[in-house]
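Under our numbering, read the sequence shown as residues 813 to 1235, first letter to last. Every residue gets a Cβ at the ideal spot worked out from N, C-alpha and C, and that includes glycine. Worksheet: the structure to be examined is printed underneath.
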Amino acid sequence: MAYPRVLLLLSCFFVLNAHVNAQQDNQKRQVFPHTMPDKKPDFPLSAAMDRMFDYPAPRVQDNELYSQFRFTRPEGFDYNGGDGTISRRDPTRPILVDGKYYVWYTKRHTKTPPIGSRNAAQATDEIPSTDWDLADLWYATSSDGFTWQEQGVAVPRPAKPHPGSRSVATPDILVWEGKYYLYYQAFDEPSGLNGDLCVVTASVADSPNGPWQPVHKTIIGPGPQGDWDQNLIHDPMPIVYKGKIYLYFKSTYNKWPDNRKNYAVAHGLAIAEHPLGPFKKHPMNPISNSGHEAMYFPYKEGVATVITTDGNERNTVQYAEDGVNFNIASVISFPPHAGAPYTPDAFTNTSYGRGISWGLNFFYEGGKGKQYSVLSRFDTDLSLDVNETELKQTWMGLNSNFYFSRGLNKEQKQRAIQRAIKQ
Ligand code: AAL
813 MAYPRVLLLL SCFFVLNAHV NAQQDNQKRQ VFPHTMPDKK PDFPLSAAMD RMFDYPAPRV
873 QDNELYSQFR FTRPEGFDYN GGDGTISRRD PTRPILVDGK YYVWYTKRHT KTPPIGSRNA
933 AQATDEIPST DWDLADLWYA TSSDGFTWQE QGVAVPRPAK PHPGSRSVAT PDILVWEGKY
993 YLYYQAFDEP SGLNGDLCVV TASVADSPNG PWQPVHKTII GPGPQGDWDQ NLIHDPMPIV
1053 YKGKIYLYFK STYNKWPDNR KNYAVAHGLA IAEHPLGPFK KHPMNPISNS GHEAMYFPYK
1113 EGVATVITTD GNERNTVQYA EDGVNFNIAS VISFPPHAGA PYTPDAFTNT SYGRGISWGL
1173 NFFYEGGKGK QYSVLSRFDT DLSLDVNETE LKQTWMGLNS NFYFSRGLNK EQKQRAIQRA
1233 IKQ
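Listed below in structure tokens is the structure:
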């Protein structure tokens, strides 16, 4: 038995030696090696190969901040046959309390579907302009994150003149010193009338079951005229970081009056010592140049975010060691729309965030004149504690039906034919 073992050791030695020699030789000849180096070679590289080593790992499959996303329709929500009168959207991050997951979301239950932001002047107390007009905050609970029981309204629209008398929407949750804080958008007029104008306000409760006490004031409002965030504050998402509340938010700029043609989007950060403020906007705002929505979460010593839908850097995962200066860590496909990840360490002031593996989001539904939204569950592997190798692959397996369903419309096809004929 001793003889083969010696042979084995010897061959290991020779293989390793050959490998080291090859590496040294590549280094000397300044040629990129066949075996992926674990650090940047010490000779000039093309720009692309040079920045490959700036990612968390040069191979995307080894990159902890890369993953695919998978979606499941959650059980337990009724949408009135999809006639556009019931909508659920913009969920909070789910939280786990006493063995039960809780989630809050925008719920619109109106007599008619929304008539659209362009027709906002025709909206009434019963006819909504947008999908998130005339909405309240509802909540649901679950034992497994797949099947949910809707529990009822958590925060209704308050009476005038309190912020949110027209609609309350797009909540997120914070757990701080045994209390629960819901932050959300407060509309005083039909969204679309003068843009999508709202401030962020909050409600407080001692239990996730409520009762919720609205603070009836602006917690984060627009910046002064001329600043990028002069009009509105959307999509609040707080985490506890460095002992403080880091609340990320979105604003849209370069569009006034509501002019989608020039529309641009960015994210800001506001920091406070206490959940009800005062929140101080970070002097380096905006801290993200992209993202209609984003999912911020503590990750290792810093903060990571999944940036989706809008901007040059949409569909990327980014990381900032200081929670402020984000860099691209990976490029992703089909991320959740308006994702809200289960992030148990978002509120523990962790010094080493573990990442995320599931959450809730929403998707648009309904045809013309019947618009509504449905909640969705997503699963992913942006977590240090999960190892779903299939989710680390880049191949999406989409068949031709998927691509052909994204065809040209009649006019586009006509123009393409005209261009072809002219040539
Ligand atoms: C969403 C979010 C905000 C907007 C509207 C409802 O995608 O950006 O919440 O106000 O749309």
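Selection P940, Y951, N1221 evaluated against L1172 yields Y951 as nearest (Cα-Cα). With respect to V1011, T1030 sits close: the two C-beta atoms are nearer than 9 Å. Relative to the non-hydrogen atoms of the ligand AAL, the Cβ of W916 never comes closer than 8 Å to any of them. The closest heavy atom of the ligand AAL lies 8 Å or more from the beta carbon of R900.
For S1102, the CB stays at least 8 Å from every heavy atom of the ligand AAL. When distances are taken from the beta-carbon of K923 to the heavy atoms of the ligand AAL, even the shortest one reaches 8 Å or more. Residue burial is scored here from C-beta neighbours: V909 has fewer than 16 other C-beta atoms within 10 angstroms and is therefore classed as exposed. Taking the CA atoms as reference points, P849 sits about 13 Å from Q842. Counting only residues of its own chain and dropping the five nearest sequence neighbours on each side, K1062 has a CB closer than 6 Å to the CB of H1046, D1047, H1079. Taken through DSSP and simplified to helix, strand or coil, E1125 comes out as coil.
A859: member of the alpha helix (DSSP H) spanning 859 to 864, first to last residue.
Pairing S979 with D937 gives a Cβ-Cβ distance that is not under 9 Å. Contact check for P983 and L1009: beta-carbon distance about 18 Å, past the 8 Å limit, so the pair fails to qualify. Contact holds between the segment 1153 to 1169 and the segment 1109 to 1121, because three or more Cβ pairs, one in each stretch, are under 8 Å apart. A830 and D837 have their C-alpha atoms some 10 Å from each other. Under the DSSP assignment, R1231 falls in the alpha helix (DSSP H) whose first and last residues are 1222 to 1234. Going by C-alpha positions, Y1215 is about 32 Å away from S941.
Taken in chain order, the unbroken stretches of beta strand (DSSP E) that lie wholly in the segment 1115 to 1179 and span 3 residues or more are 1128 to 1132, 1139 to 1143, 1165 to 1177. DSSP places A947 in the coil class of the three-state scheme, outside both helix and strand. Contact between V1118 and G1151 holds, since their C-beta atoms are separated by about 6 Å, short of 8 Å. The ligand AAL approaches W944 closely enough that one of its heavy atoms is under 8 Å from the residue's Cβ.
When only Cα atoms are considered, D956 and H1104 end up about 29 Å apart. Looking from the CA of I1083, the closest CA among Y1075, N1074, P1095, K1073 belongs to P1095. Following the DSSP letters along the chain, one finds Y1184 in no alpha helix (DSSP H) but inside the beta strand (DSSP E) bounded by residues 1184 to 1195. Spanning the alpha carbons of T1013 and S1003 requires a straight line of approximately 16 Å.
Here DSSP, grouped into helix, strand and coil, assigns F844 to coil. Secondary structure at Y1215: helix, using DSSP grouped into helix, strand and coil. One alpha carbon belongs to R817, the other to Q835, and they sit about 27 Å apart. For K1182, same chain residues with a beta-carbon under 8 Å away, outside a window of 5 residues either side, are G894, D895, G896, P925 in chain order.
An exposed status is given to P1023, since fewer than 16 other beta-carbon atoms sit within 10 Å of its beta-carbon. The DSSP assignment places complete beta strand (DSSP E) segments of no fewer than 3 residues inside the segment 901 to 927 at 907 to 909, 912 to 921, in order along the chain.
One alpha carbon belongs to G1123, the other to Y1060, and they sit about 17 Å apart. Listed as beta-bridge partners of Y1065 by DSSP are A1076. Annotated three-state conformation of A966 is strand, per DSSP. R882 sits in a strand when the DSSP states are folded into three classes. Taking the Cα positions, A1076 is about 7 Å away from K1067.
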